[in-house]
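Peer 1:
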Amino acid sequence: MEDILSSIRKILAEEEDEEGGDAPAEQAAAPEPEPEPAPEPEPVAEPEPEPEPEPEPEIEMTDVDEPEPEPEPLPEPEDMFEPEPEPEPVAAAAAPPPPPPPPPMPEPEPMADIMELTPDMVAPDAILSRPTSLHGSDVLAELARAILDRRDLPVMSSGDASLEGIVREMLKPILREWLDRNLPYLIERLVKKEIDTMVNRAEGLDNWG
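Quick note on numbering: the working numbering labels position 110 of the sequence shown as 169, and the sequence is numbered without any gaps.
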């Protein structure tokens with residue numbers, strides 16, 4: 060800052076010297092007004108000196124912080140509730156026994172015994188005599204035998220029985236049992252109906268006569 064101020068003053072002094080040399084010539088011509096004095100330069104605030112750094116305090120060994128002791132672990136809180144006992148594993152249920160095998164199919168009865176009348180099938184007050192009933196049963200048995208012989212079990216070219224033949228063979232015992240139970244009664248009923256018709260017709264002829 061002092062160098063700047065000195066340079067400014069030097070410039071001002073040189074200007075004043077130049078003006079002073081030219082003054083006698085100019086005064087002869089015309090008086091010039093006196094130059095106004097140059098304004099004084101504003102004082103420049105000098106920077107404040109920086110404060111000297113304070114010396115760091117010497118660290119003594121005694122001032123070094125000792126490591127803090129580790130905190131003692133807190134005691135674990137006692138369990139408020141006792142743990143429930145684990146359930147015992149349930150024994151696996153015993154596997155159910157396998158289903159019993161299906162009963163074997165009944166063997167077909169011989170054709171001669173299909174139409175035999177049992178004593179409980181013959182009513183005590185039957186119209187037909189026993190020989191006549193047996194003869195009718197034999198005739199029907201022969202008819203059933205002929206039908207069954209003609210409807211043999213069909214066999215495919217591969218040698219396996221067809222579904223129709225298997226079903227027919229399964230129904231044969233059921234059909235035979237049904238015929239054994241119902242055929243004598245049907246024959247007796249039909250014969251009785253025909254006899255009643257013939258008797259009524261004969262009585263009608265007698266009435267007309």
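Backbone N, C-alpha and C define an ideal beta-carbon position, used for all residues, glycine too.
Mind checking I254: buried by the 16 CB within 10 Å criterion, or exposed?
Peer 2: So I254 counts as exposed.
Peer 1: Okay, do the region 240-248 and the region 193-203 touch, 3+ Cβ pairs below 8 Å being the bar?
Peer 2: Yes, the region 240-248 is in contact with the region 193-203.
Peer 1: Please state whether DSSP places M257 in a helix, a strand or coil.
Peer 2: Three-state result, M257: helix.
Peer 1: Using alpha carbons as the reference points, say which of P232, P243, P163 lies closest to R189.
Peer 2: The candidate whose alpha carbon is nearest that of R189 is P243.
Peer 1: By how many angstroms is the C-alpha of P155 removed from the C-alpha of L230?
Peer 2: Answer to the nearest angstrom: the Cα atoms are 33 Å apart.
Peer 1: Give the secondary structure of P243 by DSSP, where H, G and I count as helix, E and B as strand, and everything else as coil.
Peer 2: Helix at P243.
Peer 1: For D239, which of L199, E131, E127, E223 has the nearest alpha-carbon?
Peer 2: It is L199 whose Cα lies nearest to the Cα of D239.
Peer 1: Can you grab the Cα-Cα spacing for the pair P130 / E107, in whole Å?
Peer 2: So the two alpha carbons sit approximately 53 Å from each other.
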